[in-house]
Amino acid sequence: MDYESGVIEVADGVYAWINENCATNAGFIVGDDGVILIDTLMTPTLASKLLTVVKDVTSKPIRFVVNTHFHGDHVYGNQYFLPAPILGHENCRIELDTKWDANFSRYWTREALRPELERINKTLPDVTFKDQMSIWLG
1 MDYESGVIEV ADGVYAWINE NCATNAGFIV GDDGVILIDT LMTPTLASKL LTVVKDVTSK
61 PIRFVVNTHF HGDHVYGNQY FLPAPILGHE NCRIELDTKW DANFSRYWTR EALRPELERI
121 NKTLPDVTFK DQMSIWLG
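Following UniProt numbering, the numbering of the sequence shown begins with 1 at its first residue and continues without gaps.
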């Protein structure tokens, strides 16, 4: 399948980072006062690459991280973007907390991932919402 990987500006100040090999993608929005990061990917290495991508686009700080859902390939990088607040729907936090061990164990069966997984700490959204939330970046 042919597709473009790397960072793509999809609208003014809105970026998608399309990961190689059809792996998990992430996004970020650059506002006047900083960046909103959408998902943090799965491994420390991927989280580090994502941070580099954001820094290549802007020198503005990451002000907020948004978790779209609780799957590890979207949230295991959370700890690498602290102290930015991590935002998520209340169900995202609940499911990430209650299903962490089962999901982590599933990934642990992939021996090649273990060196990366050993470096991951459970990091839940610390700001949640029920119906909607507005975020302002100036």
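Even glycine gets a Cβ: it sits at the ideal position worked out from N, Cα and C.
Give the C-beta separation of residue i and residue j to the nearest angstrom, bearing in mind that I take them to be a contact with Cβ-Cβ under 8 Å.
i: ILE62; j: ALA47; result: ILE62 to ALA47, Cβ: 11 Å. No contact.
i: ASN78; j: THR40; result: 5 Å
Residue j and residue i - do their beta-carbons sit closer together than 9 Å?
i: LEU37; j: ALA26; result: yes
i: TYR15; j: GLY72; result: no
i: PHE28; j: ILE135; result: no
Could you tell me if residue i is buried or exposed, where buried requires 16 or more neighbouring beta carbons within 10 angstroms of its beta carbon?
i: LEU82; result: exposed
i: residue 169; result: Within the shown structure, residues of the chain are numbered from 1 to 138, placing residue 169 beyond reach of any answer.
DSSP on residue i, reduced to helix/strand/coil?
i: ALA26; result: strand
i: GLU90; result: helix
i: MET1; result: Since pLDDT at MET1 reaches only 49, below the 50 mark, its modelled position is unreliable, and the value read off the structure follows with that caveat. In the structure shown, MET1 sits in coil (DSSP, three-state: anything other than H, G, I, E or B).
i: TYR76; result: coil
Would you mind working out which of the options sits nearest residue i, comparing C-alpha positions?
i: residue 169; options: HIS89, HIS74 and PHE28; result: Past the edges of the chain, shown from 1 to 138, lies residue 169, and the structure says nothing about it.
i: TRP17; options: VAL54, THR43, GLU95 and ASP32; result: VAL54
i: VAL30; options: GLY6, THR45 and ASP56; result: ASP56
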